[in-house]
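If you read the protein sequences in the order shown, they are chains Y and L.
For the first sequence, the residue numbers in this note's numbering are 1 to 197.
For the second sequence, the residue numbers in this note's numbering are 198 to 464.
Glycine included, each C-beta is placed from N, C-alpha and C at the ideal position.
Step one of this worksheet: look at the structure below.
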Amino acid sequence: MEFILIFISAVLVNNIVLAKFLGVCPFLGVSKKVETSFGMGMAVTFVMTLASLISYVVYNMILAPLEIEYLSTIAFILVIASLVQLVEMVIQKTSPSLYQALGVYLPLITTNCAVLGIALINMNKGIQTDGAFGLLHSVVNGFGTAVGFTLAIVLLAGIREHIEFSPIPKYFKGYPIVLITAGLMAIAFLGFAGMIK
Amino acid sequence: MDVTSIVYSALSIGGLGLVFGIGLGVAAKVFEVKVDPLIPIVRDALPGANCGACGFAGCDAYAKAVVEEGAAVTSCPVGGADLVVELSKIMGVESIEMAKHVAYVKCQGTCDTAKEKYIYNGIYDCKNAAFLQGKGSKGCEFGCLGYGTCVKACEFNAIDIIDGIAVINDNCVACGQCVLECPKDLIEIIPEDKKVRVACASQDKGKPVKENCSTGCIACKLCEKACEFDAIKVEKNIARIDYEKCTECNACVLKCPTKAIIDYRQA
Numbered sequence: 001m002e003f004i005l006i007f008i009s010a011v012l013v014n015n016i017v018l019a020k021f022l023g024v025c026p027f028l029g030v031s032k033k034v035e036t037s038f039g040m041g042m043a044v045t046f047v048m049t050l051a052s053l054i055s056y057v058v059y060n061m062i063l064a065p066l067e068i069e070y071l072s073t074i075a076f077i078l079v080i081a082s083l084v085q086l087v088e089m090v091i092q093k094t095s096p097s098l099y100q101a102l103g104v105y106l107p108l109i110t111t112n113c114a115v116l117g118i119a120l121i122n123m124n125k126g127i128q129t130d131g132a133f134g135l136l137h138s139v140v141n142g143f144g145t146a147v148g149f150t151l152a153i154v155l156l157a158g159i160r161e162h163i164e165f166s167p168i169p170k171y172f173k174g175y176p177i178v179l180i181t182a183g184l185m186a187i188a189f190l191g192f193a194g195m196i197k
Numbered sequence: 198m199d200v201t202s203i204v205y206s207a208l209s210i211g212g213l214g215l216v217f218g219i220g221l222g223v224a225a226k227v228f229e230v231k232v233d234p235l236i237p238i239v240r241d242a243l244p245g246a247n248c249g250a251c252g253f254a255g256c257d258a259y260a261k262a263v264v265e266e267g268a269a270v271t272s273c274p275v276g277g278a279d280l281v282v283e284l285s286k287i288m289g290v291e292s293i294e295m296a297k298h299v300a301y302v303k304c305q306g307t308c309d310t311a312k313e314k315y316i317y318n319g320i321y322d323c324k325n326a327a328f329l330q331g332k333g334s335k336g337c338e339f340g341c342l343g344y345g346t347c348v349k350a351c352e353f354n355a356i357d358i359i360d361g362i363a364v365i366n367d368n369c370v371a372c373g374q375c376v377l378e379c380p381k382d383l384i385e386i387i388p389e390d391k392k393v394r395v396a397c398a399s400q401d402k403g404k405p406v407k408e409n410c411s412t413g414c415i416a417c418k419l420c421e422k423a424c425e426f427d428a429i430k431v432e433k434n435i436a437r438i439d440y441e442k443c444t445e446c447n448a449c450v451l452k453c454p455t456k457a458i459i460d461y462r463q464a
């Protein structure tokens, strides 16, 4: 039950993009087509879940015992960068077309603040709850957050595909209408606030 | 301040880096994608316009086709002759001379010379206009509508609409995008150094041409008789120049009663 709550909270209530406003760059950049945005979502899911796992291990096994917690940001970035490199290799090998479509946004997952954000959020939750927010909690939270990211980006991509064929005023064409759409989506997701305490 | 904390932090971060580095090294071997080292070199030599004029999906696809499938190095019109020389050097094949080509709009029915059948108020686009009764508002069914569908298709800013017709300027690289877009099939890719061109595409007989446009080809065949080199032929009521035979002697230009053949060296 606890994990289900964490998961739903991460996907809907505290949606990383639409409620916490992290990871907006790929959210706007790779949301032109549903297919590529879903691929991006999968890549982010993989990186985020593993990053939650490994950063938890790194923090609790290495940084905390040695009392060098202040290095957490650097260590997490190291973890994330290596993971992204790995994902890049795997995607290039298994799906060259997805690799082409994601383009520069794939290495940019490294600097996706959502991934680093979730590692730091997990760490803070662990400190606040005095260690009760454990390894599984972190991984579920990371996975849920990534699913939330995928949900948001796929929804936006779906809307954008329809916007392409809509008669919109000249001055709203391109990114202005996308920003407005993203803002409306954020307001819609505000409806989930307070669902889980 | 304790020295051990410095050592610990350096060791732990360094150790982490080492472990991840080794992991990535192993992964790089496992997930290795073999790429022919020539492909990035060819790709860098290409203009990178991704216009698709070569017949491939873009510069990346063309580079791959050149290296792996032995596609012709002459397919890229954007790079022109320089690129052919460079590519043949990279690929080690004999360099082939390639004449520069340009797109050419075979119509000079401007607002002054050509009549309109009706006033068109629809979507400002040739393809839409050409769907309507009489294939657009222009009196001549074959003439340039001037709504700039080719301008939108051109990635090189090489087409202007002047006086109601499309005119190609010096930016043209003969990528052929406009040729595909023009609903009237008015644009043709021709050798750039051939300056004597027929500026009409009307396949109507003389009378309707005269009624609609003061500079259309009326298929009178005077040019055919004037040409000593058998280079100009009237077929389907329109004069056509065989650019391989044309010596640009201007005999046809002088004879043409409607000035439908133009010598662009003088214009």
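- If you draw a straight line from the Cα of Y:Val79 to the Cα of Y:Leu50, it comes to about 9 Å.
- With 16 or more other Cβ atoms inside 10 Å of its own Cβ, L:Ala262 counts as buried.
- Contact fails between the region 87-100 of chain Y and the region 120-127 of chain Y, because fewer than three Cβ pairs, one in each stretch, are under 8 Å apart.
- A direct Cα-Cα distance of roughly 9 Å separates L:Ile429 from L:Ala423.
- Under the three-state reduction of DSSP output, L:Cys273 falls in the coil class, being neither helix nor strand.
- Between Y:Ile153 and the set Y:Ile6, Y:Leu18 and Y:Phe3, the nearest pair of CA atoms involves Y:Leu18.
- Every beta strand (DSSP E) of 3 residues or more that sits fully in the region 291-339 of chain L is shown, in chain order, as 298-302.
- Along the region 322-344 of chain L, there is no position whose C-beta sits under 7 Å from a C-beta of chain Y.
- In this structure, L:Lys418 is the residue among L:Lys433, L:Lys418 and L:Ala269 with its C-alpha nearest to the C-alpha of L:Asp427.
- In chain order, Ser209, Ile210 and Leu213 make up the part of chain L whose C-beta sits under 9 Å from the C-beta of Y:Ala75.
- By the CB criterion at 7 Å, L:Ile362 and L:Gly373 fall outside the cutoff.
- About 6 Å separates the beta carbon of L:Thr346 from that of L:Asp322, a gap short enough to meet the 8 Å contact definition.
- Take the alpha-carbon of L:Gly331 and the one of Y:Leu156: they are about 43 Å apart.
- Runs of the alpha helix (DSSP H) spanning 4 or more residues and lying entirely within the region 217-272 of chain L occur at 235-242 and 256-265, in chain order.
- The alpha carbon of L:Glu229 has as its nearest neighbour, out of Y:Met89, Y:Phe3, Y:Glu35 and Y:Val44, the alpha carbon of Y:Met89.
- Across the region 123-143 of chain Y, no CB contact with chain L closer than 8 Å is found for any residue.
- Just measuring C-alpha positions, the residue of L:Lys407, L:Ala436 and L:Glu441 sitting nearest L:Lys303 is L:Ala436.
- Residues of the region 94-111 of chain Y that bring their beta carbon within less than 7 Å of a beta carbon in chain L are absent altogether.
- If you look at L:Ala363, you'll find it in the beta strand (DSSP E) that goes Ile362 to Ile365.
- Nearest in C-alpha terms to L:Arg462, of all of L:Gly249, L:Glu445, L:Val232 and L:Asp357, is L:Glu445.
- Against chain Y, a Cβ distance below 7 Å from L:Val230 picks out Gln92 and Lys93.
- Here the C-alpha atom of L:Ile356 lies approximately 24 Å from the C-alpha atom of L:Leu329.
- By DSSP's assignment, L:Glu432 forms a beta bridge with L:Ile435.
- Considering only beta carbons, the part of the region 251-267 of chain L lying closer than 9 Å to chain Y consists of Asp257, in chain order.
- Contact of Y:Ser82 with chain L is assigned, a C-beta pair being separated by under 7 Å.
- Bounds of the beta strand (DSSP E) holding L:Arg394 are Val393 to Val395.
- L:Ile458 carries a strand assignment under DSSP once its states are collapsed to helix, strand and coil.
- Across the structure, Y:Lys20 and Y:Phe143 are spaced so that their CA atoms are roughly 16 Å apart.
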